[in-house]
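Novice: Can you keep this structure in mind? I'll have questions shortly.
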Amino acid sequence: MGGFGKKSKPLPAISTASLPDIVFMLLFFFMVTTVLRETNIMVEQSFPSASQLQKLEEKSLTTYIFIGPPTKKLMAKFGKEPKIQVDDVFIESKDIPKFVVQERVKLGEGKKDGLIVSLKMHRDIKVGVVTDVKLKLRESEARNILYAARGGQ
Amino acid sequence: MLKKKGRAAAQEINASSMADIAFLLLIFFLVTTTIASDKGLRIILPPKREKEQRDVVVEVNKKNVYTILVNSRNQLLVEEESGRMDALRKGIKKFVTNNGKDPESSDNPQEAVVSYKTDRATQYKTYLRVLDEIKGAYNELRAEFLKMPLDEYLKFNEKKAMDDPILVKKAQNFAEAMQEPASVRKYLNVNHKKDPKGMSDYERKRIEAYKQARASAKELFIEKYFDAKLEYPERISEAEPTKVEE
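Listed in order, the protein sequences are those of chains D and U.
Mapping of the first sequence onto my numbering: residues 1343 to 1495, in sequence order.
Mapping of the second sequence onto my numbering: residues 100 to 345, in sequence order.
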C-alpha cells in the first residue's frame, strides 16, 4: 500500500536539557522583581473603579495610607468603623502631619518635596474620613496625592 | 559484575530533578509576588491655609461655575437639578465648550470652573466616580484637541517623554508659561494669530521666547499635548464637605 504504511524514522526525543535553564531564568526574573511587602495590611481593601487612571511611576517617592474597615480577624478588637493605617499601625487623622514629616526624612533632602501620598481607601467608606485625612495632608504640605482605584466600570 | 562496571567511570549526577526544584521555587515566587499596581486618580490639593486666614476668595461669575452636589444618599444635584451619573460627562463637556453660545453657561474653557461638593456621609465610591467623570470630560476634550483616541491619550506618558533632554527644556518653558500673566497665555493659546496689542515689552518678549521654543517642529506633539492642557485647564474646585441639603 505505497508509502502509507511505511514507518518513518522515529522522531528524536526533544531534549529537555535546557528546561532548567529556562526555568531558572524565569525564577531569577521573579526573584528580582519581587518586592516582599513590608507592611501587613490590617484593613479591608477593595478599591472603587475608575476609568481615567494614571499610573504611578515614582515608586520610591510614594508613601501609602490605607483606610478601610479592619479585617475580619481584627474586627473584634477594633470594631467595624474605618481605620487609618500607615506602616504597621493604626493612627488617627491628627497624627498624619507627624507621619508625613517622618516620610520626608526617609526620602532625604533632595527628594523630600516630591513626596506622593497614595491613598488606598475602601470603596464603602464615607467621604468625611477622606476629608479629614486630606485636610491634614494639606496642612503638612503633602499635596500630591493619588486615589487608588482599579480599572473598568 | 555490575558493581565493577560502575566503578570504572565517575557517575554523572542526575540533573533531571533540577527542573522540578526550580519549578518549585518559581511557583513560590509567583505566588508571593504582588505586582503592586499603583493606579488611580491623581490630584493636587490646594496650598496650605495660613492660620486665621480663610481661603482666598476668587470672584467667579456664576455662569462660569458648574455646580455638582452629592448628598448623603449619593444623589446628584447638577446645576440645581437632579442629575444622573451617566449624563455628567456630557454635561460638563457641553458646559466647558460653551464659549459664550448659551449666555447662561461658561464664557470659555479657561474661565470654566467645575465646583464639586459632597456630604460627609457620601460614599467614597460615589465621590470618586464623580471625580472620574469630571476628569473624563476634560481628558476627552483634550484628546479631541489632539485628534487622538481617549485611551491613547491616557496612555501617553508625560514623564517618559520628558526623559528626553529637549523635551525637558520644553517642559520648563511650559512651566514658565504657566507662571505668565493670563494675557500672555491667552495670546499664546487662543489668539496667537492676531497681533499682540496693548502688551508690555516684557510680555512681548516672553511671547517671542515661547514662540521660538515652539518653532522647532521636532517636538510638535508634546507641545500640542501641553497646549491641550492649557486650552482645557482642569479647574475643579472642591469644597469641604458639609451637610448637603436633600
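Ideal Cβ positions, reconstructed from N, Cα and C, are used throughout, including at glycine.
As the structure is a prediction and not an experimental result, all values here were calculated from the model.
Could you tell me the alpha carbon to alpha carbon distance between residue 212 of chain U and residue 199 of chain U, rounded to whole angstroms?
Specialist: Reading the second sequence from its first residue, position 113 is the one you call residue 212 of chain U. Reading the second sequence from its first residue, position 100 is the one you call residue 199 of chain U. The alpha-carbon atoms of residue 212 of chain U and residue 199 of chain U are separated by roughly 14 Å.
Novice: Just to confirm the assignment, what range does the alpha helix (DSSP H) spanning residue 1427 of chain D have?
Specialist: As a first step, residue 1427 of chain D is located in the first sequence; it is residue number 85 there, counting from the start. Careful: residue 1427 of chain D lies outside any alpha helix (DSSP H), inside the beta strand (DSSP E) at 1425–1428.
Novice: Along the region 1435–1449 of chain D, where does the CB come closer than 9 Å to a CB of chain U? Name the residues.
Specialist: Cβ contacts with chain U come from no residue of the region 1435–1449 of chain D.
Novice: With a threshold of 8 Å, are at least 3 pairs of Cβ atoms found where one atom belongs to the region 186–198 of chain U and the other to the region 1364–1376 of chain D?
Specialist: With a cut-off of 8 Å, the region 1364–1376 of chain D and the region 186–198 of chain U do not count as touching, because too few Cβ pairs lie within range.
Novice: Name the chain U residues that come within less than 9 Å of residue 1420 of chain D, Cβ to Cβ?
Specialist: Residue numbering aside, residue 1420 of chain D sits at position 78 when the first sequence is read from its first letter. Correct list: empty, because the minimum Cβ distance to chain U is about 19 Å.
Novice: Starting from residue 180 of chain U, trace the beta strand (DSSP E) in both directions and tell me its first and last residue.
Specialist: Indexing the second sequence from 1 puts residue 180 of chain U at position 81. Note, residue 180 of chain U: beta strand (DSSP E), 180–182.
Novice: Expressed to the nearest angstrom, what Euclidean distance is found between the alpha-carbon atoms of residue 124 of chain U and residue 115 of chain U?
Specialist: Numbered from 1 along the second sequence, position 25 holds the residue referred to as residue 124 of chain U. Numbered from 1 along the second sequence, position 16 holds the residue referred to as residue 115 of chain U. Near 15 Å, if we compare the C-alpha coordinates of residue 115 of chain U and residue 124 of chain U.
Novice: Using only alpha-carbon positions, find the residue among D/1480, D/1467, D/1414, D/1353 that is nearest to residue 339 of chain U.
Specialist: Within the second sequence, the letter at position 240 stands for residue 339 of chain U. With distances taken between Cα atoms, residue 339 of chain U lies closest to D/1480.
Novice: Let me confirm a value: residue 254 of chain U is counted as buried when at least 16 other C-beta atoms fall within 10 Å, else exposed. Which label applies?
Specialist: Taking the second sequence and counting its residues from 1, one reaches residue 254 of chain U at position 155. Exposed, since its Cβ has fewer than 16 Cβ neighbours within 10 Å.
Novice: By the 8 Å beta-carbon criterion, what residues does the region 213–234 of chain U contribute toward chain D?
Specialist: Under the 8 Å Cβ criterion, the region 213–234 of chain U contributes 217, 218, 219, 220, 221, 222, 223, 224, 226, 227, 228, 230, 231, 234.
Novice: DSSP state of residue 1410 of chain D, grouped into three classes?
Specialist: Here residue 1410 of chain D corresponds to residue number 68 of the first sequence, with the count starting at 1. DSSP places residue 1410 of chain D in strand when its eight states are reduced to three.
Novice: To be precise: take each residue of the region 326–339 of chain U, compare its Cβ to all Cβ atoms of chain D, and keep it if any distance is under 8 Å. Which residues remain?
Specialist: Per Cβ criterion, the list reads 339.
Novice: Can you tell me whether residue 255 of chain U is helix, strand or coil according to DSSP?
Specialist: By 1-based counting over the second sequence, the position of residue 255 of chain U is 156. The answer is coil: DSSP assigns residue 255 of chain U none of H, G, I, E or B.
Novice: Just the chain D side, please: which residues come within less than 8 Å of residue 208 of chain U by C-beta, in chain order?
Specialist: Residue 208 of chain U sits at position 109 when you count from the first residue of the second sequence. Those do not exist, as residue 208 of chain U stays about 18 Å from chain D at its closest Cβ, beyond 8 Å.
Novice: Can we say the region 1480–1492 of chain D touches the region 1428–1442 of chain D, given the rule of at least three CB pairs closer than 8 Å?
Specialist: Yes, the region 1480–1492 of chain D is in contact with the region 1428–1442 of chain D.
Novice: For a cutoff of 8 Å on Cβ pairs, would you count residue 1463 of chain D as touching chain A?
Specialist: The structure shown contains no chain A; the protein chains it does contain are D and U.
Novice: Between which residues of its own chain and residue 1467 of chain D is the CB-CB distance below 8 Å, once the five residues before and five after are set aside?
Specialist: Counting from one through the first sequence, the residue named residue 1467 of chain D turns up at place 125. Same-chain partners within the cutoff: 1409, 1410, 1411, 1424.
Novice: Check the DSSP bridge columns for residue 139 of chain U and list the partner residues they point to.
Specialist: For the purposes of this step, residue 139 of chain U is identified with residue 40 of the second sequence, where counting begins at 1. Note: residue 139 of chain U sits in a beta bridge opposite D/1396, D/1490.
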